[in-house]
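One structure below.
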Amino acid sequence: MNAVNGGSGGRDGIGGSVDNSISGGTFGPVVQAGQATVHFHGITPPRVPRMRPPSPEGFVDREGVRARLDALCGARDGRTSAQIAVISGPPGMGKTGLLVHWAAGREAEFPGGVFYADLSPRGSLSPCDPAGVLEAFIGALGTPRAEMPAGTANLAAYFTSLTAGAPCLVLLDGVVNPAQVVPLLPGHPASMVVLTSRQRLSGLRALAPSRPRYFPLAGLDDAACTQLFRRASEMDEPEEMGGTEELDETGAVRAESEPDALRVVIPALGGLPLAARIAGARAADPFGGGVRELARQLTMQRPLLEALTVPDDYPAALRVAFGGLYHSLDAETAYVFRALGSHPTPEFADGLVEALAGGGMAGARARRALLEANLLDPAGEGRCRMNRLVHEYARELAGAEGAEPDGAGSVVDWYVRRAAATEALVSQRWRFGPMFAHPALLAAVFDSREQALDAMEADRENLAAVVELAYGKRRYDIVCQLVEALHGFFFRRKHHVLWIEVCGRGVRAAERLGNDGVLVAARMHYEMGFALIDRGSDEDLAAAREHYGRALALAREAAHPRTESSALEGLGQIASRQGRPLEALDLFGQALRALGSLDHPRGRALLELHRGVAAGAAGEHEEAAGLLLSARRQFAGLPEPDRFNEAKSLTRYAQARLAADRPDEALARIEEALRLFAERAVDAPKERADALLVRGDALGAQGERERARADWESALAVYRRLGSLQAEQALRRLAGTTPGQGRDQGQR
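Quick note on the UniProt record's numbering: the sequence shown kicks off at 1 and runs consecutively.
What follows is the structure in structure tokens.
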């Protein structure tokens, strides 16, 4: 579960998640992170995901495999666990195309949703952690992200529960090993999991709850290759192939007039759909000599290919077509193609492609040229992707062009600006990165906070991979800037696996900066501690304590009071989470004193809130009441009043007064909190439901059971609409089984 909503140097405003710690969380220990067993009951996800990528244009053949998949799909009734189907084959065989094409015709049969993930976007040597995939799947279901548990086993149990209500279709592309698959199985027994892999994955039989079915792909036959070749070259199917040469309007020789040339080209495709598509685009080039020239190049290439010792090297037509298409590109588009080879994954935003060409009309023209050449494919709204073999070829070219402008550097810089623009929109916290000194440059990137977060969501794997790329290029300062800039996105979207990976690289990068990077190192340890406590397992808390301790020492060495205060606050959060409220109260006080004369009113207000909740947890109810009302006044007095945290302070005050057996005082303040939550500027339905729960407790303590039930029922309705685990707390109250409703149930 997630823990914190900001250090004194890293506070987030309205819309930030509420933590599950003593410093302001949900109202019951619904899930304990790090435990071996977690139970989830009766959760209905608010959204039905439809994550399938677009089906490829001009798909041909594979009728036999599709029929067998159809038969499996139609025989799901009566099953006790999800059916698994494995599509395997070498690169370029069309596994992904078959996967999404088949799913496009069947997704209506899966009312629970369609999930999709690429399990090796950075290549087979860096397979995805299934915990990270589960975080993305659970996020797509729309349940409160702050309620995600920690650890693969707990995430898998949560996903199983969320998908138990209706059959789901899970599409897993590029699976590297069987261990990636089992945690991603959905809960409904009539679900289906279809995956692709270069390996057969025979070991899945021993791990899966039911016997997987295997579909090894062979190459297309000559007829199917010819059909796909013609579609890619935009040539009509001839009724009858003759031997008379015909020219099209560009002067290129039409394929149907060259049966001899086709008899050379088609067998050379090796049955690979990718080869047929690329070669077709090459033959369609009006300046490339058509199919006859392609056949001639293939004939000349054969002796060279026969001399190659790599057994799975590209077939002749693929190598020739790659080279021919690349050399037919104009200089600007060729640069973009090479630069995309420097990109660490084969999928990216259209905007990146266009930016590499300079943006504007030139950028759109370059992207269109790559799409028409089948060197890029559409991958959903605003996105495109390269086939893995095409991407590998582009990477080879990028590595061979040492004298040109740094394509990898351009890629990294594009992501840095977008990450910084997102951070500027979603967070008010202090930052050291130089990008934030120019807010006007960042303001033009996105139109809104949600647009920015959604763009980062689509690029989440790319962002982690780009941090790795920058680290490999020894751009250690850029690595640290990216870690800082990604804080707000990861905090809101809870992709902890990627977040912690990124922060770990930031810590190592800061160490490489030497004595000039003491403050940066302090900030990187702070970021790592923050990410760990936000995920919140017992192991995470222990590791976070080490990082916050290191951040504290480095901040004092750098004489930076803001970071010193943030580190002390983080240590206080850990003490709170581990049930040591008096220690937490002392640490929060140290954090406040560390600020000295620094002008940081919002940080002081949040520390006052933390101190108030810690005092209440320690049984110091009168001190808690005073601190919480003081926090409320400070939030109200900010230059831009923080209504969200005003309401939160009042909710905590009401809990503290209930713990002191003063429901009348609790009721007056919780009414104020609910009025604040009702304001249009405070969009926090989960926190409003929490406040309704507390008001119900106050009314119940005064003997007004009917009004209390009405509040608990209202809270339950909101929790159910959000798919929140807190519904259980409302149900317990309605059933009369919640013990000690007057105590502060924010503790764990």
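Where is the CB? At the ideal position from N, CA and C, for every residue including glycine.
Query raised in the report: Count the other CB atoms within 10 Å of the CB of S427; is the residue buried (16 or more) or exposed (fewer)?
Result: The count along the sequence shown starts at 1 and reaches residue 427 at position 427. Looking at its Cβ environment, which holds 16 or more other Cβ atoms inside 10 Å, S427 is buried.
Query raised in the report: What do you get for G488, buried or exposed, if any count of 16 or more other CB atoms within 10 angstroms of its CB means buried?
Result: By one-based count along the sequence shown, residue 488 stands at place 488. Burial of G488 is indicated by the presence of at least 16 other C-beta atoms within 10 angstroms of its C-beta.
Query - Extent of the continuous alpha helix (DSSP H) run through A458 - result: Along the sequence shown, one-based indexing puts residue 458 at 458. Note, A458: alpha helix (DSSP H), R449 to A458.
Query - Residue span of the beta strand (DSSP E) that contains Q83, given as start and end - result: Stepping through the sequence shown from its first residue, residue 83 is reached at position 83. Note, Q83: beta strand (DSSP E), Q83 to S88.
**Report entry** Residues near A735 in its chain [Cβ-Cβ closer than 6 Å; skip 5 each side]
**Finding:** Along the sequence shown, read from residue 1 onward, the residue named residue 735 stands at position 735. No residues qualify anywhere along the chain.
Query raised in the report: Helix, strand or coil for F588 per DSSP?
Result: Locating residue 588 in the sequence shown gives position 588, counting from the first residue. Residue state for F588 is assigned as helix, using DSSP reduced to three classes.
Requested in this report: Specify, as a first and last residue, the run of the beta strand (DSSP E) that S126 falls within.
Outcome: What you label residue 126 is simply residue 126 of the sequence shown in a count that begins at 1. Where S126 is concerned, there is no enclosing beta strand (DSSP E), because DSSP gives it neither an H nor an E.
Query raised in the report: Which residue or residues does DSSP assign as beta-bridge partners of F348?
Result: Within the sequence shown, residue 348 is the residue found at index 348, counting from 1. Among the bridge pairs identified by DSSP, F348 is matched with C384.
Query raised in the report: For the stretch 374 to 394 against the stretch 412 to 424, are there 3 or more C-beta pairs whose distance is under 8 Å?
Result: Flag = no, the stretch 374 to 394 and the stretch 412 to 424 do not touch.
Query raised in the report: Helix, strand or coil: how does DSSP classify A730 here?
Result: Start at 1 with the first residue of the sequence shown, and residue 730 comes out as number 730. Annotated three-state conformation of A730 is helix, per DSSP.
Query raised in the report: Can you tell me the Cα-Cα spacing of L370 and F337, whole angstroms?
Result: Indexing the sequence shown from 1 puts residue 370 at position 370. Indexing the sequence shown from 1 puts residue 337 at position 337. Distance between the alpha carbons of L370 and F337 is about 8 Å.
Query - DSSP three-state assignment for A735, whether helix, strand or coil - result: Mapped onto the sequence shown, residue 735 falls at position 735. DSSP, read as helix, strand or coil, puts A735 in helix.
Query raised in the report: What distance in whole Å lies between the Cβ atoms of T345 and A424, which are believed to be in contact at a cut-off of 8 Å?
Result: On the sequence shown, position 424 is the one that residue 424 refers to. On the sequence shown, position 345 is the one that residue 345 refers to. Contact doesn't hold; Cβ gap of about 25 Å is too wide.
Requested in this report: Report buried or exposed for T563, applying the criterion of at least 16 other Cβ atoms within 10 angstroms of its Cβ.
Outcome: Here the question's residue 563 lines up with position 563 in the sequence shown. Buried, by the Cβ-count rule.
Requested in this report: Identify every residue that forms a DSSP beta bridge with S427.
Outcome: Here the question's residue 427 lines up with position 427 in the sequence shown. Answer is none; S427 lacks a bridge partner.
Query raised in the report: So, R145 versus K494, is the Cβ gap smaller than 8 Å?
Result: Within the sequence shown, residue 145 is the residue found at index 145, counting from 1. Within the sequence shown, residue 494 is the residue found at index 494, counting from 1. A contact, by the Cβ cut-off of 8 Å.
Query raised in the report: Closest by CA to A605, which one among R611, H621, A631 and A617?
Result: Translated into the one-based positions of the sequence shown, residue 605 becomes position 605. When each option's Cα is compared against that of A605, the closest is A631.
Query raised in the report: Quick one: what does DSSP say A117 is sitting in, helix, strand or coil?
Result: Counted from its first residue, the sequence shown places residue 117 at position 117. Three-state result, A117: strand.
Report task. Assuming E575 contacts E583 (C-beta within less than 8 Å), just tell me the rounded distance between them. Result -> On the sequence shown, residue 575 is found 575 positions in, with the first residue counted as 1. On the sequence shown, residue 583 is found 583 positions in, with the first residue counted as 1. Rather than Glu, the amino acid found at residue 575 in this sequence is Ala. Indeed they touch by this definition, with Cβ atoms about 4 Å apart.
Query raised in the report: What is the DSSP secondary structure of D285, reduced to helix, strand or coil?
Result: Looking up residue 285 in the sequence shown gives position 285. DSSP, reduced to helix, strand and coil, places D285 outside both helices and strands of the structure shown, so it counts as coil.
Report task. For G572, decide whether its Cβ has a neighbour in chain D, counting only Cβ atoms nearer than 8 Å. Result -> Annotation note: the requested chain D is absent from the structure, which comprises a single protein chain.
Requested in this report: Kindly list the residues whose CB is nearer than 6 Å to the CB of D173, restricted to its own chain and excluding five residues on each side of it in sequence; keep chain order.
Outcome: As a first step, residue 173 must be located in the sequence shown, where it is residue number 173. Exclusion of the five residues before and after D173 leaves T96, D118 and T196 as the residues of its chain whose Cβ lies within less than 6 Å of its Cβ.
Query raised in the report: Can you tell me where the alpha helix (DSSP H) with R535 in it begins and where it stops?
Result: For the purposes of this step, residue 535 is taken as the residue at position 535 of the sequence shown. Note, R535: alpha helix (DSSP H), V518 to R535.
Requested in this report: Please report the Cβ distance between P167 and S202, rounded to the nearest whole angstrom; I am assuming they are in contact, meaning their Cβ atoms lie under 8 Å.
Outcome: Here residue 167 refers to the residue found at position 167 when the sequence shown is read from its first residue. Here residue 202 refers to the residue found at position 202 when the sequence shown is read from its first residue. The Cβ separation is near 27 Å, so there is no contact.
Requested in this report: Counting only the same chain and skipping the five closest in sequence on each side, list residues whose C-beta sits under 6 Å from that of Q32.
Outcome: The count along the sequence shown starts at 1 and reaches residue 32 at position 32. Per-residue confidence for Q32 stands at a pLDDT of 37, beneath the threshold of 50, marking its modelled position as unreliable; the derived number appears in the next sentence. Taken in chain order, the list of residues that qualify is empty.
Query raised in the report: Which of helix, strand or coil does DSSP assign to P259?
Result: The residue labelled residue 259 in the question sits at position 259 within the sequence shown. DSSP places P259 in helix when its eight states are reduced to three.
Query raised in the report: Which of helix, strand or coil does DSSP assign to R365?
Result: The count along the sequence shown starts at 1 and reaches residue 365 at position 365. Residue state, collapsed to three classes: helix.
**Report entry** Whole-angstrom distance between D454 and V60, CA atom to CA atom
**Finding:** For the purposes of this step, residue 60 is taken as the residue at position 60 of the sequence shown. For the purposes of this step, residue 454 is taken as the residue at position 454 of the sequence shown. Roughly 34 Å between the two C-alpha positions.
Query raised in the report: Is the stretch 430 to 448 touching the stretch 503 to 515, taking contact as three or more C-beta pairs under 8 Å?
Result: Three or more beta-carbon pairs separated by less than 8 Å are not found between the stretch 430 to 448 and the stretch 503 to 515, which leaves the two stretches without contact.
Query raised in the report: Is it the case that the Cβ atoms of L298 and V264 are separated by a distance below 8 Å?
Result: Counted from its first residue, the sequence shown places residue 298 at position 298. Counted from its first residue, the sequence shown places residue 264 at position 264. The answer is yes: Cβ separation under 8 Å.
Report task. Determine contact between the stretch 605 to 623 and the stretch 641 to 648, defined as no fewer than three beta-carbon pairs at a distance below 8 Å. Result -> The stretch 605 to 623 makes contact with the stretch 641 to 648, as at least three CB pairs between them are under 8 Å.
Query raised in the report: Which residues mark the beginning and the end of the alpha helix (DSSP H) in which P685 is found?
Result: For the purposes of this step, residue 685 is taken as residue 685 along the sequence shown, with counting starting at 1. First-last of the alpha helix (DSSP H) with P685: P685 to A701.
**Report entry** Sequence-distant residues of its chain with Cβ nearer than 8 Å to P267 (five each side left out)
**Finding:** Taking the first residue of the sequence shown as position 1, residue 267 is located at position 267. Correct list, in chain order: D222.
Requested in this report: Mark S597 as exposed unless 16 or more other C-beta atoms lie within 10 angstroms of its C-beta, in which case mark it buried.
Outcome: Position 597 of the sequence shown, counted from the start, is the residue given in the question as residue 597. With fewer than 16 other CB atoms across the displayed protein chains lying within 10 angstroms of its CB, S597 is exposed.
Query raised in the report: Is the beta carbon of T163 sitting closer than 8 Å to the one on A131?
Result: Working through the sequence shown from its first residue, we reach residue 163 at position 163. Working through the sequence shown from its first residue, we reach residue 131 at position 131. Not closer than 8 Å, so no.
**Report entry** Range of the contiguous beta strand (DSSP E) that encloses S197
**Finding:** Taking the first residue of the sequence shown as 1, we reach residue 197 at position 197. Counting along the chain, the beta strand (DSSP E) containing S197 begins and ends at M192 to S197.
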